Amino acid sequence: MPTATAKINGTTIASADSYETVEGNVYFPPSSINKDFFKSTGTHTHCPWKGDASYYTIEVDGKVLKDAAWYYPEPLEKAKHIKDFVAFYKSKVDISTE
Numbered sequence: 001m002p003t004a005t006a007k008i009n010g011t012t013i014a015s016a017d018s019y020e021t022v023e024g025n026v027y028f029p030p031s032s033i034n035k036d037f038f039k040s041t042g043t044h045t046h047c048p049w050k051g052d053a054s055y056y057t058i059e060v061d062g063k064v065l066k067d068a069a070w071y072y073p074e075p076l077e078k079a080k081h082i083k084d085f086v087a088f089y090k091s092k093v094d095i096s097t098e
């Protein structure tokens, strides 16, 4: 499996050799993100098959990206394999798998 990397302006905020891909999004294990860049927000959304998502705002070198990442703290049964894994909006974060 290739390494997945998430970057903002060239700064790596997550990197993993093992990850999940769901609906075209790379979900990074929680241990693979650099938590120094992440702040929990009060934003939540609902997916009918994954459950309720919680969001992070990411700040790198003074650049603040509100609700740029999400995760499922208590996913529904079909999404248990991505519990706490973090995904990113591709329009805000550069994702590569190489």
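In the UniProt record's numbering, the protein residues as written are 1 to 98. For glycine and all other residues, C-beta sits at the position ideal for the given N, C-alpha and C. This structure is a prediction, so every number in the text was calculated from the model and none was measured.
Check                                                                                                         : Outcome
Pull the bridge partners of F37 from the DSSP assignment, please.                                             : According to DSSP, F37 bridges with nothing at all.
Taking just the CA atoms, how far does I82 sit from S96?                                                      : 19 Å
How far does the beta strand (DSSP E) with S96 in it extend, from its first residue to its last?              : 94-97
With C-beta atoms as the reference, is residue 124 less than 9 Å away from D94?                               : Because the chain spans 1 through 98 in this model, residue 124 falls outside it and cannot be assessed.
Name, in chain order, the residues that DSSP records as bridge partners for T5.                               : S15, S96
For W49, does the count of other Cβ atoms within 10 angstroms reach 16, so buried, or fall short, so exposed? : exposed
Taking H44 as the reference, give the member of F38, S54, K35 with the closest Cα.                            : S54
Report the rounded CA-to-CA distance for K78 versus Y72, giving the unit in angstroms.                        : 12 Å
Measure the alpha-carbon distance for D84 versus I13 and round it to whole angstroms.                         : 16 Å
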